[in-house]
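Take a look at the structure set out below.
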Amino acid sequence: MEKYEIVSKRTLADRVNEYVVYAPSVARHCLAGQFVILRVDDDGERVPFTVCDYDRAVGTVSILVQEVGYTTMKLAETKVGDRLADFVGPLGNPTDLSAYKRILLVGGGIGAAVIYPQAKQLFSENRAADVVLGARNVSLVMYEEEFRKYCKNFHLITDDGSSGRKGFVTDIVRELLEKGVGYDAVFAVGPLGMMRAVCNVTREFGVHTVVSMNSLMVDGTGMCGCCRITVGGKIRYACIDGPEFDGHEVDFDEAASRAVMYREAEKEHVCRLRGTAK
Amino acid sequence: MKADFQRHEMPTQNPAVRIGNFDEVALGYTEELALAEAARCLNCKDAPCMQGCPVNVHIPKFIAALRAGKPDESAEILLADNNLPAICGRVCPQENQCEKFCVRREKAGGSVAIGNLERFVADYASARNVMPSCKSSCGAKVAVVGSGPASLSCAADLAKAGVKVTVFEALHKAGGVLVYGIPEFRLPKSVVGKEIEKVAALGVDIETNVVVGKTVFVEELLAGYDAVFIGSGAGLPSFLGIKGETLDGVSSANEFLTRVNLMKAYKDGAVTPVQRGKNVVVVGAGNVAMDAARTARRLGAEVTLVYRRSRAEMPARKEEILHAEEEGIKFELLTNPVEILGENGFVRGMKCVRMQLGEPDASGRRRPVELAGSEFEMACDEVIVALGTTPNPIIKRSFPALETTSKGTIVADENGRTSVDGLYAGGDAMTGAATVILAMGAGKRSAKAILRMLEEKGKIKCAECGGNSDGGNVK
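Note that the protein sequences, when read in sequence, are chains R and S.
Using the working numbering, you'd call the opening residue of the first sequence number 1 and step up by one each time.
Using the working numbering, you'd call the opening residue of the second sequence number 279 and step up by one each time.
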């Protein structure tokens with residue numbers, strides 16, 4: 001196998017692919033919660049993706065990618081056997097839930113990729129977590145079988161009720177907390193709006209909540225400052241201080257604004273890729 | 279030939295034209311100009327210019343060889359002490375170094391243009407594509423962290439002594455600040471690429487996409503190599519710490535320049551985006567601030583540079599300040615930002631105050647003091663903060679045994695020896711943000727110290743030649 005070769009690729013949900021990439025240097029030390037930065041080709045941009053699985057013996061790292069913009073669409077065009085231009089990591093800090101006993105994992109959409117390795121790890125440590133998995137609809141539900149296997153109680157909910165219950169993850173989080181399940185911590189990963197909503201609920205109940213920030217990045221090593229967010233009134237870098245932060249301290253309004261900084265440029269690139277440019 | 283009295287200035291691209299392109303501004307001497315300038319060198323016996331050179335280039339010697347019509351010999355003299363002359367000839371602050379000590383400086387038409395001559399000779403050698411040959415290995419192995427000027431210089435000197443060197447670079451491209459920071463119009467990437475090729479030709483392996491402290495740990499390097507040199511630079515940008523700094527449209531100069539230089543965002547159709555404001559404010563007055571201002575200008579902006587002290591204190595090279603002015607960059611001096619103003623998440627302006635200079639501070643520069651009631655607003659749609667950088671914390675966090683200062687710089691002696699046996703450091707990672715040439719000097723000193731250590735440990739026979747005297751050159 002060649003460095004950064006795509007070893008396998010499978011579709012897990014609508015426009016969501018799992019890529020297993022041969023990158024022994026990354027696989028050697030990576031842990032759940034860390035991320036990689038890749039470039040698809042030599043003209044490509046640097047984009048971060050959370051590590052969702054790894055195999056140290058084989059030297060592979062898995063990432064889950066939803067087609068949302070130019071680079072993720074370019075990635076979707078690749079085939080098994082193709083080589084990515086670059087694949088660097090592991091970056092950021094691993095998830096550390098060692099201080100907590102009773103844990104609720106909440107995943108929204110692609111956020112499933114981040115809570116999945118957590119669920120697996122907690123299961124292996126004999127303290128399996130409860131999981132709330134949310135998606136827009138049935139076509140975007142990921143890792144359902146795996147979650148059922150690795151978690152204590154599994155709750156599935158979709159916006160339209162096409163799979164599991166109908167509603168939002170916050171409905172279930174609120175119910176569980178109202179019921180008095182004594183969680184030591186909630187780990188919520190998904191779109192910014194979902195993480196903010198979960199934090200608003202858990203704040204009411206005073207339950208510590210960790211979120212994973214997927215900020216825009218260039219180098220991913222603290223050099224550019226693009227990924228800066230405000231946490232507890234202080235500027236922090238998602239790449240070297242995170243990506244996980246105390247959700248009750250994160251300024252989500254600001255993070256949401258920064259996330260769309262380059263939206264116009266992105267639209268243009270996507271149009272060019274699809275051949276619909278003006 | 280009778281020498282001209284006046285210094286020959288560097289021919290440059292017309293400012294009106296160059297703000298529309300990213301081609302190199304300084305065009306380089308013609309052979310005729312180079313010979314005429316070389317003739318101005320008085321070949322002083324005590325070579326005062328040399329005391330200003332952090333890598334001790336034999337300046338009068340290389341100039342004399344050029345003047346004698348022996349450019350190959352001149353290049354050889356230059357390359358003996360300087361591993362990256364085509365880069366130094368372009369970015370060194372010569373006015374504060376070699377040229378500062380030139381006896382012609384005050385009264386004899388100005389200092390000899392040593393930097394311009396260095397560039398001429400280096401480019402001459404480069405055009406002839408003379409590649410150094412790979413030395414046979416002496417058996418010792420050294421890991422070098424980072425691939426900027428300190429690391430390249432250290433790696434090259436070690437390799438010349440027959441040491442097997444592996445350079446680890448975090449980004450996808452080697453060169454460090456030379457490729458992500460300094461713009462194409464000041465230091466073409468093809469020039470950097472050639473200099474790096476030359477270092478590689480000495481037998482240095484360069485591994486990109488390796489973040490030391492993440493991909494591989496310092497402990498592993500110390501176990502696998504005879505010595506480790508950290509030249510990871512000062513990568514972490516400083517911000518103002520004022521309200522509005524996280525608005526869209528505010529970036530560090532590092533981010534802005536990395537997007538443009540490394541990721542080529544200035545090119546049509548580039549995938550990596552960059553903010554393209556119409557009215558850009560750059561905060562700071564160092565070389566990086568000038569680079570950011572002039573880059574924004576080339577992306578089509580009206581650019582204002584805001585600096586809290588006066589012109590005399592601006593830390594940038596004289597030539598950069600001059601070029602920035604020629605390109606229509608406006609300077610708002612004795613001005614300090616107090617808040618960045620936003621609208622719908624985007625920058626719409628900046629609130630500033632006027633300053634005056636008071637008593638000298640710790641740096642010896644007069645401390646700027648706020649003028650009461652002088653607050654005013656400037657309209658702008660992009661702000662670039664160029665207030666310097668501090669060392670990246672990744673290595674320290676992953677390797678706490680490494681002693682660092684409160685500023686995060688690595689503690690090391692003048693030869694780069696750190697608190698950890700076998701671990702050396704130099705360049706901005708040790709000094710905080712400084713210049714390319716100072717970093718190169720530090721890399722060279724560390725290389726020397728490493729060779730001496732290897733000799734003491736019996737890994738090599740002789741620190742001067744790497745114990746390689748019998749081996750000769752192998753390709």
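Virtual Cβ for every residue (Gly too), placed ideally from N, Cα, C.
None of the values given here were measured: they were computed from a predicted structure.
Cβ of residue i within 8 Å of any chain R Cβ
i         : result
S/Asn-258 : Past the edges of chain S, shown from 279 to 753, lies residue 258 of chain S, and the structure says nothing about it.
S/Asn-532 : yes
S/Asn-565 : no
S/Arg-537 : yes
S/Phe-446 : no
S/Phe-654 : no
S/Asn-487 : yes
S/Ser-697 : no
Cβ shell of residue i (< 6 Å), same chain only, five flanking positions each side left out
i         : result
S/His-336 : Ile-355
S/Asn-394 : Met-288, Tyr-307
R/Ser-257 : none
R/Met-194 : Gly-108
R/Thr-72  : Val-65
S/Gln-553 : Gly-527, Glu-660
S/Lys-542 : Ala-548
Cutoff 8 Å: residue i Cβ touching any chain S Cβ
i         : result
R/Ala-265 : yes
R/Val-271 : Note that residue 271 of chain R corresponds to Cys in the displayed sequence, not to Val. With 8 Å as the cut-off, R/Cys-271 does not count as an interface residue toward chain S.
R/Leu-177 : no
R/Leu-84  : no
R/Val-88  : yes
R/Thr-230 : yes
R/Val-26  : yes
R/Ala-277 : Low per-residue confidence applies at R/Ala-277: pLDDT is 47, beneath 50, and the placement is therefore not dependable, though the value from the model is reported in the following sentence. So, not an interface residue.
R/Val-51  : no
R/Arg-242 : The amino acid at residue 242 of chain R is misidentified as Arg; the sequence shows Gly. Not closer than 8 Å to any Cβ of chain S, the Cβ of R/Gly-242 fails to qualify, so no.
R/Glu-5   : no
R/Ile-63  : no
R/His-248 : no
R/Gly-44  : yes
R/Met-223 : yes
R/Met-1   : no
Through-space distance from residue j to residue i, alpha-carbon basis
i         : j         : result
S/Phe-446 : R/Val-141 : 40 Å
S/Asp-282 : S/Leu-583 : 37 Å
S/Val-752 : S/Ala-437 : Residue placement at S/Val-752 is poorly supported in this model, since its pLDDT is 31, which falls under 50; the coordinates still yield a value, given next. In a straight line, the C-alpha of S/Val-752 is about 13 Å away from that of S/Ala-437.
R/Lys-267 : R/Val-68  : 10 Å
S/Phe-507 : S/Asn-374 : 28 Å
R/Gln-121 : R/Arg-148 : 14 Å
R/Ile-110 : S/Thr-682 : 40 Å
S/Ala-251 : S/Val-558 : This structure gives no information on residue 251 of chain S, because the portion of chain S shown stretches from 279 to 753.
S/Ala-548 : S/Met-633 : 41 Å
S/Thr-613 : S/Met-628 : 11 Å
R/Leu-75  : R/Phe-87  : 13 Å
R/Asp-171 : R/Ala-129 : 18 Å
S/Arg-383 : S/Val-625 : 46 Å
S/Ala-531 : S/Leu-577 : 15 Å
S/Ala-640 : S/Ser-516 : 19 Å
S/Gly-513 : S/Glu-462 : 19 Å
Spatial neighbours of residue i in its chain, beta-carbon cut-off 7 Å, leaving aside the 5 residues before and after
i         : result
R/Pro-117 : Ala-32, Cys-52, Asp-53
R/Arg-102 : Gly-182, Tyr-183, Asp-184
S/Cys-331 : Ile-337, Gln-375, Cys-376
S/Phe-398 : Gly-306, Tyr-307, Ala-312
R/Ser-139 : Ala-13, Asp-14
R/Pro-24  : Gly-59
S/Asn-592 : The question names Asn, yet the displayed sequence has Met at residue 592 of chain S. Only Ala-563, Tyr-585, Ile-599 meet the Cβ criterion.
Residues that DSSP places opposite residue i in a beta bridge
i         : result
S/Asn-614 : S/Val-631
S/Val-557 : The sequence shown places Asn at residue 557 of chain S, not Val. Paired residue(s): S/Glu-580.
R/Phe-154 : R/Val-131
R/Arg-83  : R/Glu-5
S/Thr-550 : S/Thr-550 pairs with nothing; no bridge assigned.
S/Arg-644 : S/Pro-638
S/Pro-515 : S/Thr-667
Three-pair Cβ contact test at 8 Å for the stretch 712-731 of chain S versus the stretch 428-440 of chain S: yes
Cβ contact check for the stretch 476-488 of chain S and the stretch 411-420 of chain S: 3 or more pairs under 8 Å: Counting Cβ pairs under 8 Å, three or more are found: they touch.
Inter-stretch contact (C-beta, 8 Å, three-pair minimum) for the stretch 35-49 of chain R and the stretch 214-225 of chain R: yes
Meets three-Cβ-pair contact criterion under 8 Å: the stretch 463-478 of chain S and the stretch 297-304 of chain S: yes
Three CB pairs or more closer than 8 Å across the stretch 359-373 of chain S and the stretch 704-719 of chain S: yes
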